[in-house]
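Structure record follows, encoded as structure tokens.
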Amino acid sequence: MSSALILSVIVILSSCCEGHKILVYSPKLFYSHFRFMGHIADILAAARHDVVVLMPECDERIKTNGTTLARPMRANCSFDGLSELLSTLDDIWIINTGRMDFLFSMAWALSSKENLICRGLLGDMELISRLRNEKFDLGISEAFSFCGFGVFDKIGLQKHLSAFNTQLIESMTEPYGINYNPSHVPALLSQSDDAMSFVERMQNFIVFGTTYVLTRFIAVPHALLSFEEYIRRPFTIAESIEILARCSSVFVNTNILLESPRELNSKIAFIGGITATQSSSLSEDFKHLMDVSSGGVVLVSFGTAALSSRMPTNLKYVFVSVFRRFPEITFIWKYELDDEVGSDLPNVIKRKWVPQAGLLFHKNMRAFVSQCGSNALSESVYAGVPIVCIPIFIDQMRNARKLEKQHSALVIHNRNFTAQSLEVALRGVLYDKSYSISARRVSAMVRDAIIPLEEQISGRARIAIKMKKVELLDAGYRKLNCLKFFYIDVICIPLILIILLS
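If you count by mature numbering (1 follows the signal peptide of the UniProt record, and there is no 0), then the sequence shown holds residues -19 to -1, 1 to 483, one letter each, in order.
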């Protein structure tokens, strides 16, 4: 029995005598986020805690509960603007997602979503009463879903943890005592890695300024309107920062070896690979497809936001034309409609849904064509599979640059996407062995560099519950002004005295 398994068993056995009640807030809105929070809930439930997942049912297309071990508590979602938000993503394949008007429209749509969901939850006194009567010991919510912290405040739940399904977002790390320096840390929407030229540093500074303004002056104030109506008035941005600052730990869905070198502190727990390590065995259908492919398999999947079926027709046939050039390879394509695209190719298997993690861990998986979202990044890295990254929006280019720097991925900018660029990239990751060797090397490092995820998550939860003062892990330096932080006062005052006395 491996040491990691022994440690996990010890954690579970020791926890069974001290189980606590934990509330996990996870709205049914973005599937990857919903799935991520569900895995956290399952790990805590497996550690013998009584875990309830509060899930506002916003997107009826998400049929799963996201959890197999925790208790689901469904809530009606009053978010009437869901179709409008989703329609923003319909043209994701053809619009420039770095445009200012797109970023502002997304920020407004997301903050409107948060405000409307919060109104429905905080105004439902029957639901609030049920939650209050549960007498939870701990709450967990994504920082991105700030409404969860409003619910915790409303029911008097003072101890909580925070989570990021993405890498750390620079405009949201201030409450956790993590300062951001755009000179060497790529911003959320950056096109660069951490080694930037002068122009790239200037672009990174502008991107950081844009996301900071969008978050601080548009998204957060808009989302907090419901707090003023149902919790207390006024509810300021400073109060929201203090609520997040009281989180004793922050779960981040990446591995420390894949995070940009930056200032961190003891609150941060990197749990990238949480969805990969819990992958289930393949069904007979998918297992047969993987086993019978003599030339190996390439998985093509772009997540739940950028659906392959919504690609422009010419783009779909770019993929088909390239698949035709690799008759020895089986392509499993996550494609959400039944149509004739690629139907004449025996080596193309279209499926409306794929068990992504399970497929990536199969020995016959040779490469992955992906948008490089957070879960795709973690799962491919843990599986040791090289990727052709086609970043589309938000943090995906930053993720792709990380893998490119590790020499386990080739990156195609969606504005430069052609049949030729896709073929060259595929031939590279399939037939240049250096990519598969690098991918396996990174996988081995990532697996060896971490404490078992179950121990990190259940251990951090136990610490948060037992901690009498939530401020114990709060970073005092996060309240320093620029004069104190950069020692300007310490340097200038003696200099002034010397000048005056000389």
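By construction, the Cβ of each residue, glycine as well, lies at the ideal position given by its N, Cα and C atoms.
Notebook entry, point to check: Just how far apart, CA to CA, sit leucine 326 and leucine 358?
Noted result: Reading the sequence shown from its first residue, position 345 is the one you call residue 326. Reading the sequence shown from its first residue, position 377 is the one you call residue 358. Going by the C-alpha atoms only, they are around 29 Å apart.
Checklist line | Any alpha helix (DSSP H) of 4 or more consecutive residues that is wholly inside the stretch 174 to 238 | finding: 179 to 194, 201 to 204, 206 to 211 and 218 to 226
Checklist line | Straight-line Cα distance separating asparagine 395 from glutamate 244 | finding: For this step, residue 244 is matched to residue 263 along the sequence shown. For this step, residue 395 is matched to residue 414 along the sequence shown. One C-alpha to the other measures close to 32 Å.
Margin query: What does the Cβ neighbour count give for glutamine 377, buried or exposed, with the cut at 16 atoms within 10 Å?
Written below: Position 396 of the sequence shown, counting from 1, holds the residue named residue 377. Label assigned to glutamine 377: buried.
Check: For valine 180, is the classification buried or exposed, using 16 other Cβ atoms within 10 angstroms of its Cβ as the cut-off for buried?
Finding: Locating residue 180 in the sequence shown gives position 199, counting from the first residue. Exposed is the call here.
Next item on the list: Using a threshold of 8 Å, state whether the C-beta atoms of lysine 383 and leucine 239 are closer than that.
Entry: Against the sequence shown, residue 383 aligns to sequence position 402. Against the sequence shown, residue 239 aligns to sequence position 258. Their beta carbons are under 8 Å apart, which means lysine 383 touches leucine 239 by this criterion.
Notebook entry, point to check: Which residues in the same chain have their Cβ closer than 6 Å to the Cβ of glutamate 38, if we skip the five residues on either side of it in sequence?
Noted result: Within the sequence shown, residue 38 is the residue found at index 57, counting from 1. Result list for glutamate 38: Lys9, Arg55 and Cys58, in chain order.
Next item on the list: Kindly give me the distance between the Cβ atoms of phenylalanine 304 and valine 329, rounded to whole angstroms, as I take these residues to be in contact under 8 Å.
Entry: Along the sequence shown, one-based indexing puts residue 304 at 323. Along the sequence shown, one-based indexing puts residue 329 at 348. That pair is a contact at about 5 Å.
Note to self: Taking the beta strand (DSSP E) that methionine 271 belongs to, which residues open and close that run?
What the structure shows: Numbered from its first residue, the sequence shown carries residue 271 at position 290. Here methionine 271 belongs to no beta strand (DSSP E); instead the alpha helix (DSSP H) covers 265 to 273.
Next item on the list: Whole angstroms is fine: what's the gap from glycine 129's alpha carbon to lysine 94's?
Entry: By one-based count along the sequence shown, residue 129 stands at place 148. By one-based count along the sequence shown, residue 94 stands at place 113. Distance from the CA of glycine 129 to the CA of lysine 94, rounded to the nearest whole angstrom, comes to 13 Å.
Notebook entry, point to check: How big is the Cα-Cα spacing for arginine 182 and histidine 165?
Noted result: Taking the sequence shown and counting its residues from 1, the one referred to as residue 182 is at position 201. Taking the sequence shown and counting its residues from 1, the one referred to as residue 165 is at position 184. Spanning the two alpha carbons is a distance of roughly 8 Å.
Next item on the list: Would you decide whether aspartate 118 is buried or exposed? Buried here means 16 or more other CB atoms lie within 10 Å of its CB.
Entry: For the purposes of this step, residue 118 is taken as residue 137 along the sequence shown, with counting starting at 1. Answer is buried; the Cβ neighbour count reaches 16.
Next item on the list: Whole angstroms is fine: what's the gap from serine 171's alpha carbon to glutamine 148's?
Entry: Residue numbering aside, residue 171 sits at position 190 when the sequence shown is read from its first letter. Residue numbering aside, residue 148 sits at position 167 when the sequence shown is read from its first letter. Distance between serine 171 and glutamine 148, taken at the CA atoms: about 13 Å.
Note to self: Please report the distance separating the alpha-carbon of leucine 91 from that of aspartate 23.
What the structure shows: Position 110 of the sequence shown, counted from the first residue, corresponds to residue 91. Position 42 of the sequence shown, counted from the first residue, corresponds to residue 23. For leucine 91 and aspartate 23, the distance between alpha carbons rounds to 27 Å.
Note to self: Using C-beta distances below 7 Å, list every residue in its chain close to tyrosine 416, excluding the 5 sequence neighbours before and after it, in chain order.
What the structure shows: Here residue 416 refers to the residue found at position 435 when the sequence shown is read from its first residue. So the qualifying residues of the chain are Pro367, His388, Ser389, Gly409 and Val410.
Note to self: Here's a check: name, in chain order, each residue in its chain whose Cβ is nearer than 6 Å to the Cβ of glycine 254, leaving out the five neighbours to either side.
What the structure shows: Residue 254 sits at position 273 when you count from the first residue of the sequence shown. The beta carbon of glycine 254 sits closer than 6 Å to the beta carbons of Ser359 and Tyr363 from its chain, once the five residues preceding and following it are set aside; these are given in chain order.
Margin query: Nearest by alpha-carbon distance to leucine 407: which of Arg100, Leu169, Ala381 and Arg347 is it?
Written below: The residue given as residue 407 occupies position 426 in the sequence shown. Of Arg100, Leu169, Ala381 and Arg347, the residue nearest in Cα terms is Arg347.
Item checked: Length of the line joining the Cα atoms of alanine 257 and isoleucine 472 -> Translated into the one-based positions of the sequence shown, residue 257 becomes position 276. Translated into the one-based positions of the sequence shown, residue 472 becomes position 491. If I take the Cα positions, the gap works out to 50 Å.
Next item on the list: Jot down the residue ranges of each uninterrupted beta strand (DSSP E) in the stretch 375 to 438, minimum 3 residues, whole runs only, in chain order.
Entry: 390 to 392
Next item on the list: Using alpha carbons as the reference points, say which of Lys333, Thr311, Pro163 and Arg306 lies closest to aspartate 319.
Entry: Looking up residue 319 in the sequence shown gives position 338. Per the Cα distances, Lys333.
Notebook entry, point to check: CB-CB under 8 Å to isoleucine 218, same chain, minus the five flanking residues each way: which ones, in chain order?
Noted result: Here residue 218 corresponds to residue number 237 of the sequence shown, with the count starting at 1. Arg197, Val201, Pro202 and Leu205, listed in sequence order.
Next item on the list: Reducing DSSP to helix, strand and coil, say where leucine -13 ends up.
Entry: Residue numbering aside, residue -13 sits at position 7 when the sequence shown is read from its first letter. Only weak support exists for where leucine -13 lies, its pLDDT of 44 falling under 50; the coordinates are left without a value.
Item checked: Rounded C-alpha distance that separates leucine 108 from tryptophan 74 -> Here residue 108 is taken as the residue at index 127 of the sequence shown, counted from 1. Here residue 74 is taken as the residue at index 93 of the sequence shown, counted from 1. Approximately 40 Å, taken between the alpha carbons.
Next item on the list: Flag this pair as yes or no: are the beta carbons of cysteine 370 and serine 351 separated by less than 8 Å?
Entry: One-based indexing of the sequence shown puts residue 370 at position 389. One-based indexing of the sequence shown puts residue 351 at position 370. Cβ distance < 8 Å, so cysteine 370 and serine 351 count as in contact.
Checklist line | Proximity below 8 Å, CB of alanine 88 to CB of leucine 50 | finding: Locating residue 88 in the sequence shown gives position 107, counting from the first residue. Locating residue 50 in the sequence shown gives position 69, counting from the first residue. Not closer than 8 Å, so no.
Note to self: Going by C-alpha to C-alpha distance, which of Ile21, Ser7 and Leu4 sits closest to glutamate 436?
What the structure shows: Locating residue 436 in the sequence shown gives position 455, where the first residue counts as 1. Glutamate 436 has its Cα closest to that of Ile21, out of Ile21, Ser7 and Leu4.
Checklist line | Within 8 Å, strictly: CB atoms of phenylalanine 15 and alanine 144 | finding: The residue given as residue 15 occupies position 34 in the sequence shown. The residue given as residue 144 occupies position 163 in the sequence shown. Not closer than 8 Å, so no.
Item checked: Cut-off 8 Å between Cβ atoms - residues of its own chain near lysine 116, not counting five sequence neighbours on either side -> Mapped onto the sequence shown, residue 116 falls at position 135. Only Lys2 meet the Cβ criterion.
Note to self: Let me check understanding here. Comparing Cα to Cα, which of Pro372, Ala124 and Tyr298 lies closest to glycine 323?
What the structure shows: If you number the sequence shown from 1, residue 323 lands on position 342. Answer by Cα proximity: Tyr298.
Margin query: Quick check on DSSP: helix, strand or coil for lysine 297?
Written below: On the sequence shown, position 316 is the one that residue 297 refers to. Judged by DSSP in its simplified three-state form, lysine 297 adopts helix.
Next item on the list: Determine the direct distance from the alpha carbon of isoleucine 150 to that of serine 274, and round the result to whole angstroms.
Entry: Position 293 of the sequence shown, counting from 1, holds the residue named residue 274. Position 169 of the sequence shown, counting from 1, holds the residue named residue 150. Rounded to the nearest angstrom, the two C-alpha atoms are 40 Å apart.
Next item on the list: List the whole-angstrom C-beta distance separating isoleucine 222 from glutamate 155, where the pair is believed to meet the contact cut-off of C-beta under 8 Å.
Entry: The residue you call residue 222 lines up with position 241 of the sequence shown. The residue you call residue 155 lines up with position 174 of the sequence shown. Yes, isoleucine 222 and glutamate 155 are in contact; Cβ-Cβ is about 7 Å, under 8 Å.
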